[in-house]
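A.B. asks: If you scroll down you'll find the structure; I have some questions about it.
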Amino acid sequence: MKQFWFAGAAGAALIAAAGPAWSDEASTASDVEGVVVTGARIGEPLAIKSDTPLLEVPQAVSVITAERMQEQGVTRLADALRNVAGVSRSSTYGYYDSYQIRGYDAAYGSIFLDGLTTASVAGAVNEMAGLNQVEVIKGPASALFGASPLGGVINLVSKRPQADRFLEVGVATGSYGLLETTIDANSPLLGDGALLGRLNLVYRDSDDFVDYAHSQRIYIAPAVTWRIGEDTRLTLLGRYQRDYDSPWSPVSAWGTILPAAFGELPLSFSINNRGDEEVVNNTNAKQIGYVFEHRFSDSLRFEQTVRYEDRETYWDRWMFVAGFLDDNVVNGVQQGHILGRYLYGDFSQHDKDFGADSRLTWDFATGSIGHKVLAGIDYRRTREEHSGGLSNFNPADNPLDILNPDFDAPFVSDPTSPYSGSGKTSQLGFYLHDHVTLGNGVALTFGGRWDTAKSGDQEDSKFSPHAGLTWGFTPGASLYFAYSKSFTPTPSWQTAVDGSLLPPETGENIEGGVKVQTEDGTLAGMASIYQLTRQNVATEDPANPFFFVVTGEQRSRGVEVEGSWRPNVALEVTAAYAYTKAEVTQDNNLPVGLPLANFPEHALNLWGKYTVQGGLFDQLGISLGLLYNSDKHFYESVLYTLPSYTLLDFGLSYPFGEWKAQLNINNITDERYFPDACCLDRITPGEPRNWRLSVRRRF
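Just remember that our numbering sits 17 ahead of the position in the sequence shown, which is counted from 1.
Quick look at the structure:
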């Protein structure tokens with residue numbers, strides 16, 4: 018807490034400099050970012066590393082703006098990604114950021130920040146208040162980003178300084194005793210506008226819907242832009258995030274999705290002990306970096322992004338279900354009621370991550386044919402050290418009787434279980450792409466990337482090609498076709514139970530679709546059809562938690578449709594639908610045709626907002642959202658099903674003077690649902706009905 022107020026005092030000069038000038042950033046594009054947000058709230062992504070219009074990019078790309086996230090009351094990345102077709106949360110125990118894209122797990126290496134991959138460690142949860150937009154590139158992105166998951170990547174774009182002066186202060190409260198304070202201060206630091214500064218601060222404290230769970234966050238993100246000259250700009254970006262949490266643990270399938278004699282487990286049921294809200298699960302993440310831009314001429318420019326991250330993660334303990342000690346299933350009903358529990362902890366991990374990406378863009382023509390050539394080199398180095406001890410993997414040592422739980426019983430640890438280890442990975446990549454405009458609306462994009470990646474003693478080199486074709490058959494609409502390949506080296510910590518490293522994962526994508534974006538911004542969207550094939554897939558070993566096995570080959574085929582319609586200033590509607598057939602096609606252990614875990618065959622998200630125009634309730638905003646997921650599956654000897662669910666969300670917003678109040682109620686029907694699972698002992702409960710009330714003032 019002291020750190021938060023100290024940081025606030027340190028930024029007082031900037032906040033004071035912001036002054037009492039109003040600037041509606043939500044409807045004004047940043048001239049620093051070069052991001053254009055139309056009336057339909059479609060942003061131009063930075064992750065494609067060029068200024069090629071989205072209609073000419075032969076790949077499915079989705080952009081979620083800060084305005085949209087604020088309207089929906091988003092504080093977690095999972096909630097923002099509901100707006101994107103083909104993205105689902107993977108089994109993360111309801112805690113850290115981890116996703117599946119087009120059916121494939123993207124737990125590690127899929128989340129980028131400002132175009133550079135982040136340190137993907139257990140417990141990484143990204144703060145949304147410091148983001149200008151979230152971008153999702155679906156399908157292989159290895160040709161641009163190197164080693165990355167086949168399904169796609171998520172790029173988070175930091176808020177950067179703007180030319181306008183403003184100060185926005187917000188407070189929020191809500192379910193589970195939520196208390197939140199946010200500050201966003203922006204100001205020119207020199208009178209001529211050559212130096213701009215911005216500071217984002219967040220303090221958040223809350224319990225959770227599960228007993229004995231608690232979270233607290235301090236977030237500080239300063240940014241300074243120096244306009245060195247008309248053609249040169251340097252932006253320094255810093256970030257500090259401290260999470261002090263006691264996350265809840267997943268529960269058994271018995272009493273949740275499977276019947277049990279003891280009845281239904283309440284969603285608030287915890288397998289942790291009373292007092293565990295004081296258990297430390299502490300993450301300290303510090304980042305410093307810059308974005309340098311120089312324009313040599315109207316046709317030639319250079320950009321470089323560099324970042325260093327230091328992340329320390331520590332927790333005292335974390336409990337997991339380990340079956341029933343009195344296991345007895347009769348006619349499909351669990352008769353037992355005494356849970357066994359694994360005790361993990363204490364555990365600490367220290368990650369140091371350095372990344373740099375340098376790129377040159379050259380626009381030129383050969384006769385009537387236009388070229389936009391992108392050439393770049395990037396490098397990433399990651400080092401991690403971890404240690405743990407006092408765990409206990411004998412379930413009988415830490416029982417919990419569901420019918421008569423003793424949440425004060427002392428834990429029994431195993432002093433013989435300490436362990437430690439370390440690992441390092443590095444990756445060097447060279448990429449070259451040419452976007453060729455042939456006339457008559459036809460554009461050809463082709464190129465590739467050569468990577469050399471090291472993980473421990475294992476070294477892999479791979480070429481990742483990409484080719485695509487777009488045809489703008491009418492103004493504001495285009496067809497596209499693309500082919501690409503990907504590869505992902507295995508992290509040094511992702512080993513088999515015998516300690517050996519797994520081979521790198523490879524993938525191939527064939528895709529086609531149509532994109533629409535009208536000039537007036539009233540309609541924007543896309544539809545795509547694809548086939549992704551994935552080989553050498555690493556998945557968690559069900560028999561040995563925290564170890565991995567390779568499961569052969571998987572295939573995902575699907576159709577995605579998403580779009581935004583804004584016929585007038587009062588009404589906006591967005592929709593995202595995905596049909597995904599993701600299954601095992603070749604494996605030594607798993608049955609062929611087995612659906613991939615935790616991904617629905619059908620997923621639909623609808624969201625609409627109506628803003629009253631004139632009268633007593635002028636500018637009153639009313640929003641309604643719907644999320645539907647069909648059945649999901651997970652496999653443990655036999656196939657189990659997570660039932661389908663439908664969630665309804667409701668929102669109200671109203672400006673009064675210089676203030677704006679907003680109420681968001683999520684899951685208004687209080688649907689009981691379970692969004693993901695690892696196995697029978699790790700079922701994640703979904704959040705019941707909850708609310709959030711925020712008040713903001715912009716000076």
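Think of the CB as a built atom: it goes at the ideal place given N, C-alpha and C, for glycine as much as any other residue.
In this structure, how does DSSP classify Trp39 when only helix, strand and coil are distinguished?
C.D. replies: With a pLDDT of 31 at Trp39, under the threshold of 50, the predicted position of this residue should be treated as unreliable, though the coordinate-derived value follows. The DSSP-derived three-state label of Trp39 is coil.
A.B. asks: How far does the alpha helix (DSSP H) with Gly161 in it reach, from first residue to last?
C.D. replies: Looking at the sequence shown, residue 161 is not Gly but Leu. Here the alpha helix (DSSP H) through Leu161 covers 159-162.
A.B. asks: Could you tell me the distance, in whole angstroms, from the CA atom of Gln444 to the CA atom of Glu329?
C.D. replies: 22 Å
A.B. asks: Can you tell which of Leu253, Lys441, Lys369, Arg699 has the C-alpha that lies nearest to the C-alpha of Ala238?
C.D. replies: When each option's Cα is compared against that of Ala238, the closest is Leu253.
A.B. asks: Using a threshold of 7 Å, is the CB atom of Ile171 nearer than that to any non-hydrogen atom of the ligand SAM?
C.D. replies: Among the components of this structure there are no ligands whatsoever, and the ligand SAM is therefore not found.
A.B. asks: Taking 8 Å as the threshold, find out whether the segment 380-399 comes into contact with the segment 347-366 through three or more Cβ pairs.
C.D. replies: no
A.B. asks: Figure out for me which residue from Leu282, Glu247, Gln89, Arg400 has the closest Cα to the Cα of Leu665.
C.D. replies: Gln89
A.B. asks: With DSSP as the reference, label Met86 as helix, strand or coil.
C.D. replies: helix
A.B. asks: Less than 8 Å separating the beta-carbons of Gly524 and Leu549?
C.D. replies: yes
A.B. asks: Rounded to whole angstroms, how far is the Cβ of Arg706 from the Cβ of Asp687, which I believe are closer than 8 Å?
C.D. replies: With 8 Å as the limit, Arg706 and Asp687 qualify as a contact, their Cβ atoms being about 4 Å apart.
A.B. asks: Please classify Asn411: is it buried, with 16 or more other beta-carbons within 10 angstroms of its beta-carbon, or exposed?
C.D. replies: exposed
A.B. asks: Identify, in the order they occur along the chain, each residue of the same chain with its Cβ nearer than 6 Å to the Cβ of Ala678, setting aside the five sequence neighbours on each side.
C.D. replies: Tyr671, Val712
A.B. asks: Starting from Asp477, trace the beta strand (DSSP E) in both directions and tell me its first and last residue.
C.D. replies: Its beta strand (DSSP E) spans residues 475-491.
A.B. asks: Specify the secondary structure class of Trp582 as computed by DSSP and reduced to three states.
C.D. replies: strand
A.B. asks: Excluding the 5 residues flanking Ala339 on each side, which residues of the same chain have their C-beta closer than 8 Å to its C-beta?
C.D. replies: Leu356, Gly357, Arg358, Tyr359, Phe410, Pro412, Asp698
A.B. asks: Tell me the DSSP secondary structure of Arg99 in three-state form.
C.D. replies: helix
A.B. asks: Just how far apart, CA to CA, sit Lys598 and Thr249?
C.D. replies: Cα to Cα, the separation comes out at about 48 Å.
A.B. asks: Give every residue of the same chain whose Cβ lies closer than 7 Å to the Cβ of Asp327, excluding the five residues on either side of it in the sequence, and list them in chain order.
C.D. replies: Lys303, Lys369
A.B. asks: Check whether the Cβ atoms of Leu213 and Gln179 lie closer than 8 Å to each other.
C.D. replies: yes
A.B. asks: I need the DSSP call for Pro617, collapsed to helix, strand or coil.
C.D. replies: coil
A.B. asks: In the DSSP assignment, what are the bridge partners of Tyr645?
C.D. replies: Leu621, Thr663
A.B. asks: Between which residues of its own chain and Gln603 is the CB-CB distance below 6 Å, once the five residues before and five after are set aside?
C.D. replies: Gly569, Glu570
A.B. asks: Which residue wins for smallest C-alpha separation from Tyr220, given the options Glu185, Pro283, Ile235, Ile288?
C.D. replies: Ile235
A.B. asks: Using CA atoms only, rank isn't needed, just tell me which of His650, Thr442, Gly103 is closest to Val78.
C.D. replies: Gly103
A.B. asks: CB-CB under 7 Å to Arg279, same chain, minus the five flanking residues each way: which ones, in chain order?
C.D. replies: Correcting the residue identity first, residue 279 is Phe in this sequence and not Arg. These residues qualify, in order along the chain: Gly272, His354, Ile419, Leu420.
A.B. asks: Do Tyr121 and Arg572 count as a contact pair if the criterion is CB distance below 8 Å?
C.D. replies: no
A.B. asks: When you compare the CB positions of Gly538 and Thr322, do they come within less than 8 Å of one another, or not?
C.D. replies: no
A.B. asks: Using the beta-carbon count (16 or more within 10 Å), is Phe634 buried or exposed?
C.D. replies: exposed
A.B. asks: Within 8 Å, do at least three Cβ pairs link the segment 399-408 to the segment 430-439?
C.D. replies: Yes, since at least three Cβ pairs between the segment 430-439 and the segment 399-408 fall closer than 8 Å, the two stretches touch.
A.B. asks: May I ask which residues mark the beginning and end of the beta strand (DSSP E) holding Met543?
C.D. replies: 540-552
A.B. asks: Beta-carbon separation of Val567 and Pro506 under 8 Å?
C.D. replies: No, the Cβ-Cβ distance between Val567 and Pro506 is not below 8 Å.
A.B. asks: Count the other C-beta atoms from every protein chain shown that fall within 10 angstroms of the C-beta of Gly194, then say buried if there are 16 or more, exposed otherwise.
C.D. replies: exposed
A.B. asks: Distance check for Gln630 and Tyr594, CA to CA, integer angstroms please.
C.D. replies: 30 Å
A.B. asks: To which residues does DSSP link Gln258 through a beta bridge?
C.D. replies: Tyr236, Ala302
A.B. asks: Whose CA, out of Thr92, Leu449, Ser105, lies closest to the CA of Phe616?
C.D. replies: Ser105
A.B. asks: With burial defined as no fewer than 16 other Cβ atoms inside 10 Å of the residue's Cβ, what is the status of Pro612: buried or exposed?
C.D. replies: buried
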